[in-house]
Amino acid sequence: MKVLNGMVSARSFIKKRLYLINRYVSPLKYRMLSTWINFVVHPTFRSLTMNYLFNKRSVLEKASRHAPLPRNLYFEGTNVCNADCVFCPYTQMERTKLTMPMKLFKDIVDQYVEMGGQAIGFTPIVGDPMVDKFLMDRLEYVDAIDQISNVGFYTNGIALKPEKAEQLVEFKNTTINMSVSFGGHDRATFQKMMGVDRFHLVQKHVLHLLDVLERNGHDRLIVKIDFRCPDSNSSDPFGRRVRECIEKGLVQMDSLEGNFDTFGGYVSQDDLDRVGLGLQMDYGYPKFGPCEIPFTKPLVLADGRLNACAERDLETTLVVGDLKRERLKDLLYGVRMREFVMQFYKPNSLPDICKKCTVYQSIYNVRAKVWKENLNWTPPAT
Ligand code: SF4
Numbered sequence: 031m032k033v034l035n036g037m038v039s040a041r042s043f044i045k046k047r048l049y050l051i052n053r054y055v056s057p058l059k060y061r062m063l064s065t066w067i068n069f070v071v072h073p074t075f076r077s078l079t080m081n082y083l084f085n086k087r088s089v090l091e092k093a094s095r096h097a098p099l100p101r102n103l104y105f106e107g108t109n110v111c112n113a114d115c116v117f118c119p120y121t122q123m124e125r126t127k128l129t130m131p132m133k134l135f136k137d138i139v140d141q142y143v144e145m146g147g148q149a150i151g152f153t154p155i156v157g158d159p160m161v162d163k164f165l166m167d168r169l170e171y172v173d174a175i176d177q178i179s180n181v182g183f184y185t186n187g188i189a190l191k192p193e194k195a196e197q198l199v200e201f202k203n204t205t206i207n208m209s210v211s212f213g214g215h216d217r218a219t220f221q222k223m224m225g226v227d228r229f230h231l232v233q234k235h236v237l238h239l240l241d242v243l244e245r246n247g248h249d250r251l252i253v254k255i256d257f258r259c260p261d262s263n264s265s266d267p268f269g270r271r272v273r274e275c276i277e278k279g280l281v282q283m284d285s286l287e288g289n290f291d292t293f294g295g296y297v298s299q300d301d302l303d304r305v306g307l308g309l310q311m312d313y314g315y316p317k318f319g320p321c322e323i324p325f326t327k328p329l330v331l332a333d334g335r336l337n338a339c340a341e342r343d344l345e346t347t348l349v350v351g352d353l354k355r356e357r358l359k360d361l362l363y364g365v366r367m368r369e370f371v372m373q374f375y376k377p378n379s380l381p382d383i384c385k386k387c388t389v390y391q392s393i394y395n396v397r398a399k400v401w402k403e404n405l406n407w408t409p410p411a412t
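The sequence shown: position 38 = 68 (my numbering), numbered continuously.
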């Protein structure tokens, strides 16, 4: 057991120090070094590279057999946000701020349902779903569709007004997974993390939500408090109330433990250092083969275009078509999507955003979400 614990802490020590190496060597040298280091210290990365080397074609074919349904279809209800988090480049975005019209939303949901879709995500690339003036209307629309079993989104809680918390427990059919990103246990830390002075307001909103959950005993609203600050424990009254509700099974808790990604190259370790909370950049594994995100999280943008990725593509450079003119089933894993996926076999020709992205997850990682047999997946062909 001691040996195992020692190995785990050695691995996390090395991984956390990779950002130091990244500061001083060229990207190519970093990739080579990181490949060797990860290969030696991470069994998951070892099995991923072996899978890539020996099962390149069969794994891609197996992932493609799940088409044309993605695991989850994401919607950018709005790309507007009300915070300026240290780990997010929202304020650098040059795109026009938009909200998706309900008519367009309904049309695309209907196409998705017709294809057999079951799960919807409302977390955009940047923006807060609670700022979307149509969020409750969208939830009402999908809640009335039996086939949509699951909806999920993150919010910073600033716009999670008491009346919205009351409305959320009214939806009875679809399971709603809501994660509240929480910046810190005191006003100063919260402001450093989230870029706005809304600590007391968000605490108030979360406390109200906990009361609503306690009063209603709702089992279709799954709430997770997601701590963005390095320390997720606090013994103040708010922390005690959250812990009490966790013990009662009303909410769950998660933490990034102060680790962040580069958001496609838009956020650097220097940006994290500036807030002085000991935040660290996690560079993930080097890229081997296609990223799983086009298979699991394509995103319908507020203007109706389909982006291959709902993760880090701030300026939406990975658009594969326009749903105002084309059908969803023709775009998901159509020619443009396929061409994009195949670019991962030629790392030099990858779009810039993917080259710099550190939330990339290879389809050759057997633990990737692309291999989970739930949500929309059709049974794998034998
Ligand atoms: S590498 Fe990053 S930006 Fe590219 S598809 Fe994957 S998650 Fe999206």
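Cβ coordinates follow ideal geometry from the N, Cα and C atoms, glycine included.
Counting only residues of its own chain and dropping the five nearest sequence neighbours on each side, V371 has a CB closer than 6 Å to the CB of P320 and P324.
Secondary structure note for G269: its alpha helix (DSSP H) is the uninterrupted segment P267 to E277. In this structure, the C-beta of R366 stays at least 7 Å away from each heavy atom of the ligand SF4.
Annotation note: the segment 65-107 contains the following uninterrupted alpha helix (DSSP H) runs of length 4 or greater, listed N- to C-terminal: 73-84 and 86-95. Within a 10 Å sphere around the beta-carbon of T74 sit fewer than 16 other beta-carbons, which makes this residue exposed. Judged by DSSP secondary structure, Q282 falls within the beta strand (DSSP E) whose first and last residues are V281 to S285.
Three or more Cβ pairs closer than 8 Å define a contact, and the segment 193-204 meets that threshold against the segment 238-245.
When secondary structure is reduced to three states using DSSP, S264 falls in the coil class, being assigned neither helix nor strand. In the three-state reduction of the DSSP assignment, I255 falls in the strand class, which pools E and B.
Between M160 and T129, the C-beta gap is not smaller than 8 Å, which leaves the two residues out of contact.
Look at D343: its beta carbon is less than 7 Å from one of the heavy atoms in the ligand SF4. By the C-beta criterion, the segment 100-120 is judged to be in contact with the segment 217-233, since at least 3 inter-stretch pairs fall below 8 Å. When the five nearest sequence neighbours on each side are left out, the beta carbons in the same chain lying within less than 6 Å of the beta carbon of I252 are those of N207, in order along the chain. Here DSSP, grouped into helix, strand and coil, assigns Q177 to coil. Between the alpha carbons of A195 and Q391 lies a distance of about 34 Å. By the neighbour-count criterion, in which 16 or more other beta carbons inside 10 Å mark a residue as buried, R335 falls on the buried side.
Residue range M132 to M145 is occupied by the alpha helix (DSSP H) that includes F135. In this structure, P324 has its beta carbon less than 7 Å from a heavy atom of the ligand SF4.
In terms of side-chain proximity, the C-beta atom of A338 is found nearer than 7 Å to a non-hydrogen atom of the ligand SF4. Separation of H235 and I188 (C-alpha to C-alpha, rounded to the nearest whole angstrom) is 8 Å. In the structure shown, the three-state DSSP call for F183 is strand. In this structure, the CA atom of E106 is about 15 Å from the CA atom of V350.
Distance from the CA of K402 to the CA of W66, rounded to the nearest whole angstrom, comes to 28 Å.
For I383, the CB falls within less than 7 Å of some heavy atom of the ligand SF4.
For the 8 Å CB-CB criterion, F268 and L231 do not form a contact.
The DSSP-derived three-state label of I51 is helix. Rounded to the nearest whole angstrom, the CA to CA distance from L380 to I155 is 19 Å. Here N81 is buried. Its C-beta has 16 or more other C-beta atoms within 10 Å.
DSSP places L336 in the uninterrupted beta strand (DSSP E) bounded by R335 to N337. The Cβ atoms of K136 and Y171 sit closer than 8 Å to each other. In this structure, F290 lies away from L307, with their beta-carbon atoms at least 8 Å apart.
In this structure, P119 sits near F293, with a CB-CB distance shorter than 8 Å.
Of the residues assessed, R87 falls on the exposed side of the cut-off, its CB having fewer than 16 other CB atoms within 10 angstroms. Secondary structure at N378: helix, using DSSP grouped into helix, strand and coil.
Annotation: the continuous alpha helix (DSSP H) that includes M372 extends over V365 to M372.
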